[in-house]
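The listed protein sequences correspond, in order, to chains A and B. Just so you know, we're using our numbering here: the first sequence kicks off at 1 and counts up by one. Just so you know, we're using our numbering here: the second sequence kicks off at 1001 and counts up by one. Here a beta-carbon is modelled for each residue, glycine too, at the ideal position from N, C-alpha and C. Since the model is a prediction, treat every value here as computed from it, not as a measurement. Notes follow once the structure below has been shown.
Number of protein chains: 2
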Amino acid sequence: MAGPVPMAEVWRGEILESVHYGHAVVCDSSGQIVQAWGDPDAVILPRSSCKMIQALPLVESGAADAFGLEQEHLALACASHQAAAIHTDIVRRWLSDLDLIDSDLICGPQVPRDAVAENAMIRAKDAPCRYHNNCSGKHAGFLTVTKHLKVSSDYVDLTHPVQLAVREAFEDVTGMQSPGFGIDGCSAPNFATTIHGFARAMAHFARARDDGPARNRAAARLVQAMLAYPELVAGEGTACTELMRAMGGRVAVKSGAEGVYVAILPDQKLGIALKIRDGASRGSECAIAAILVDLGALDANDAVASRWMDVKQINLAGLETGILRPAVGFPR
Amino acid sequence: MAGPVPMAEVWRGEILESVHYGHAVVCDSSGQIVQAWGDPDAVILPRSSCKMIQALPLVESGAADAFGLEQEHLALACASHQAAAIHTDIVRRWLSDLDLIDSDLICGPQVPRDAVAENAMIRAKDAPCRYHNNCSGKHAGFLTVTKHLKVSSDYVDLTHPVQLAVREAFEDVTGMQSPGFGIDGCSAPNFATTIHGFARAMAHFARARDDGPARNRAAARLVQAMLAYPELVAGEGTACTELMRAMGGRVAVKSGAEGVYVAILPDQKLGIALKIRDGASRGSECAIAAILVDLGALDANDAVASRWMDVKQINLAGLETGILRPAVGFPR
């Protein structure tokens, strides 16, 4: 069992100040490992990086079509959004179209990550609602399936039909039994898998086309929705949105809490999954950008690539004090 | 050379989700290692954890007495404050007493970490000033020395008398030549040392008494100021302030950016320094609390100990989803 490898380094002047170690796998459409760093069998919780898997039942079950969902809704079902107006307007309308209200969402309230929305809330002395939760699109998706199946509203229960369907889809696309689960920040179960299993799942999404079995078609529709609306999947100024735009809508990427990141490359039929062992987002953003550059999917000379991969450390007085960059030898 | 060791683990349900590795040394008053984890010779930038060293020239030079500084000022010179009113009121008066204005501080402006102060600023649509910078007390101290020595105002320059004095004191108390430096978040030079050197410096502060050489007396006064005003060294709700209060004013602790933490134990004449390699504060807070419990300085049953050492992970809906706790086998 290989240990995690250095993926990102933080330099301050000539001093190596901090290092992020991690595991990563690039998987092809047959499920085989093309490249690996660290331990492909390391068990991880995929956190929000698996939202496109959690959205499979929404499309596969026919719920999305029955309720007339558009690509924007599907992009938000896969999103960790910033709760900017472009996100919350859609989620609120979606809930209203389902004849549901904010408290039907089981996720807790969350202060918007979008600075404009947060400042407006502070000025109005308002408290956040559940639709501000970064996972509210995923939960609106769960509620849509719940309505469609006409089942009880406790849709985050491990034995609820929605979560049983999520788990079945999750184990199918990862190609393995899930070895456990955790309760996520939004209270939904988050099923564990290995880095290899998770990369295999992303390769499933990468090879999915508009024909074939329902699960393939559902996967293809979700990827198309993410690619069509990168600003709905995360938000302005985020790594997800900026990286997807920089790759011209040809590669979908998704962050997860605690240093998880995935990428879906339909052109190359490749899937990528990575986890920074210490859970740092700055490490996972750097590492996914470095792998995407290495695979030729992201142009190393693009300003967005350097913004996330070779991150100038600027202090409060505006001085450049160091850099965060891929570790020596990573990705190759 | 030993690698860093696991110090803190983040569990979600039954899954080990993230791990923080680090180096730490406990040093006695003769400068010898009492206990070590990882590599005592690992080079680190001490960041804000060395502010009490950077404040030595302020006291030693006679500047503090010449300008009538009180314990509150000395505590703030050693502080990474939250920019609550209790902090900024003193810094603003201090500047005014020096016949100086905000722009004489070379640190950049920073949005207050104190939520009340931050929200008030957002509501008033105000921009932060330099006195809001968490390092403004340290900079007011540098300015006091600059005034006292009647030297130029570019006090963060590496060759400025203030920084030459800081470096001389730093190398003296760490017991070694500094192998380099970085520019800190506040634009001051931050001198590198080893974990052992930094723990030795903290042991210097721990054994310092009110008599003896000027440097000893200065160190003793700074420790007394930190212990007398734990709320000025950081702020309400922070690990530094809470841990110092929980230890009844008998142990001084100080955080630093990028996962650094130190402790000064006058009763035991011990100094502690630690660095989480990935730079995570949650890791360094857990690790310093665990070592302090192990040394008998902090009561494991105190609510503050568990708040920082066995940190329940509560999600946005208020559910307990996991725990952050010392790694198995750490500290022993």
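Whole-angstrom C-beta distance between residue j and residue i, which should lie under 8 Å
| i | j | result |
| --- | --- | --- |
| Ala263 (chain A) | Val251 (chain A) | 6 Å |
| His1196 (chain B) | Ile1033 (chain B) | 6 Å |
| Ala1042 (chain B) | Thr1194 (chain B) | 6 Å |
| Gly185 (chain A) | Ala257 (chain A) | 6 Å |
| Ala220 (chain A) | Arg209 (chain A) | 5 Å |
| Ala2 (chain A) | Ala287 (chain A) | Between Ala287 (chain A) and Ala2 (chain A) the Cβ distance is about 16 Å, and since that is not below 8 Å, they are no contact. |
| Pro230 (chain A) | Met244 (chain A) | 4 Å |
Option nearest residue i by Cα separation, candidates the options
| i | options | result |
| --- | --- | --- |
| Trp1094 (chain B) | B:Ala1117, B:Ala1140 and B:Ala1127 | B:Ala1140 |
| Glu320 (chain A) | B:Ile1183, B:Ser1103 and B:Phe1142 | B:Ile1183 |
| Phe67 (chain A) | A:Glu242, A:Ser96 and A:Ile314 | A:Ser96 |
| His81 (chain A) | A:Cys27, A:Gly137, A:Pro109 and A:Pro57 | A:Gly137 |
| Ala1169 (chain B) | B:Leu1149, B:Asp1157, B:Gly1185 and B:Phe1198 | B:Phe1198 |
| Ser1303 (chain B) | B:Val1260, B:Ala1064, B:Ala1246 and B:Pro1046 | Residue identity differs from the one stated: residue 1303 (chain B) is Ala in this sequence, not Ser. Checking every option, the nearest Cα to that of Ala1303 (chain B) belongs to B:Ala1246. |
| His1204 (chain B) | B:Lys1125, B:Ser1030 and B:His1020 | B:Ser1030 |
| Ile101 (chain A) | A:Arg277, A:Asp114 and A:Cys129 | A:Cys129 |
| Arg167 (chain A) | A:Phe191, A:Ala327 and A:Cys135 | A:Phe191 |
| Ser1048 (chain B) | B:Leu1324, B:Ser1187, B:Ser1178 and B:Ala1120 | B:Ser1187 |
| Pro1046 (chain B) | B:Ser1255, B:Val1293 and B:Ile1323 | B:Ser1255 |
| Tyr1131 (chain B) | B:Asp1104, B:Val1151 and B:Asn1119 | B:Asp1104 |
| Phe142 (chain A) | A:Ala120, A:Ala115, A:Thr241 and A:Leu76 | A:Leu76 |
| Leu1227 (chain B) | B:Thr1241, B:Glu1236 and B:Val1059 | B:Thr1241 |
| Lys269 (chain A) | A:Phe330, A:Cys27, A:Ala55 and A:Lys312 | A:Cys27 |
| Val59 (chain A) | A:Gln313, A:Leu222, A:Asp154 and A:Lys147 | A:Leu222 |
| Thr238 (chain A) | A:Pro213, A:Ala289 and A:Gly212 | A:Ala289 |
| Asp1087 (chain B) | B:Ala1055, B:Ala1127, B:Val1311 and B:Cys1135 | The sequence given here has His at residue 1087 (chain B), not Asp. Minimum Cα distance to His1087 (chain B) is reached at B:Cys1135. |
| Ala214 (chain A) | A:Pro57, A:Ala300 and A:Leu69 | A:Pro57 |
| Leu295 (chain A) | A:Glu14, A:Glu236, A:Val111 and A:Pro331 | A:Pro331 |
| Gly1283 (chain B) | B:Ala1297, B:Leu1292 and B:Leu1324 | B:Leu1324 |
| Leu1164 (chain B) | B:Asp1065, B:Ala1218, B:Ala1120 and B:Ala1055 | B:Ala1055 |
| Ile314 (chain A) | B:Leu1098, B:Gly1013 and B:Gln1110 | B:Gln1110 |
| Val162 (chain A) | A:Met176, A:Lys147 and A:Gly38 | A:Lys147 |
| Arg12 (chain A) | B:Ile1044, B:Gly1038 and B:Gln1035 | B:Ile1044 |
| Ala297 (chain A) | A:Tyr261, A:Val253 and A:Lys312 | A:Val253 |
| Ser281 (chain A) | A:Lys312, A:Tyr261, A:Ala300 and A:Val293 | A:Tyr261 |
| Asp1065 (chain B) | B:Gln1177, B:Pro1040, B:Glu1171 and B:Ala1218 | B:Ala1218 |
| Pro4 (chain A) | A:Asp39, A:Ile15, A:Lys125 and A:Leu98 | A:Asp39 |
| Asp154 (chain A) | A:Gln177, A:Pro189 and A:Ser178 | A:Pro189 |
| Cys1050 (chain B) | B:Asp1126, B:Val1010 and B:Glu1171 | B:Glu1171 |
C-beta atoms of residue i and residue j nearer than 8 Å
| i | j | result |
| --- | --- | --- |
| Leu316 (chain A) | Asn1133 (chain B) | yes |
| Leu232 (chain A) | Ala79 (chain A) | yes |
| Ile272 (chain A) | Gly259 (chain A) | no |
| Ile1053 (chain B) | His1073 (chain B) | no |
| Leu1274 (chain B) | Gly1022 (chain B) | yes |
| Ala327 (chain A) | Pro6 (chain A) | yes |
| Ala201 (chain A) | Val173 (chain A) | yes |
| Glu1017 (chain B) | Gly1249 (chain B) | no |
| Ala85 (chain A) | Ala117 (chain A) | yes |
| Ile1122 (chain B) | Val1156 (chain B) | no |
| His1020 (chain B) | Asp1278 (chain B) | yes |
| Ile1291 (chain B) | Ala1036 (chain B) | no |
| Val1145 (chain B) | Ser1061 (chain B) | yes |
Which residues DSSP lists as bridging residue i, in chain order
| i | result |
| --- | --- |
| Val43 (chain A) | A:Thr194 |
| Phe1181 (chain B) | B:Phe1191 |
| Cys78 (chain A) | BP columns for Cys78 (chain A) are empty, so no partner. |
| Tyr261 (chain A) | A:Ser255 and A:Leu274 |
| Gly22 (chain A) | A:Val5 and A:Ile276 |
| Ile945 (chain B) | The shown model of chain B, from 1001 to 1332, leaves out residue 945 (chain B), and the question about it has no answer. |
| Pro1326 (chain B) | B:Ala1008 |
| Gln35 (chain A) | A:Val26 |
**Item:** Contiguous alpha helix (DSSP H) assignments of at least 4 residues, all confined to the segment 1291 to 1322 of chain B
**Value:** Whole alpha helix (DSSP H) segments, 4+ residues: 1303 to 1309.
At what residue ranges does the segment 1043 to 1126 of chain B contain a whole run of the beta strand (DSSP E), taking only runs of 3 or more? Secondary structure remark: continuous beta strand (DSSP E) runs of at least 3 residues inside the segment 1043 to 1126 of chain B: none found.
- Complete runs of the alpha helix (DSSP H) confined to the segment 208 to 242 of chain A [at least 4 residues]: Taking only runs of at least 4 residues, the alpha helix (DSSP H) segments lying wholly in the segment 208 to 242 of chain A are 214 to 228 and 230 to 233.
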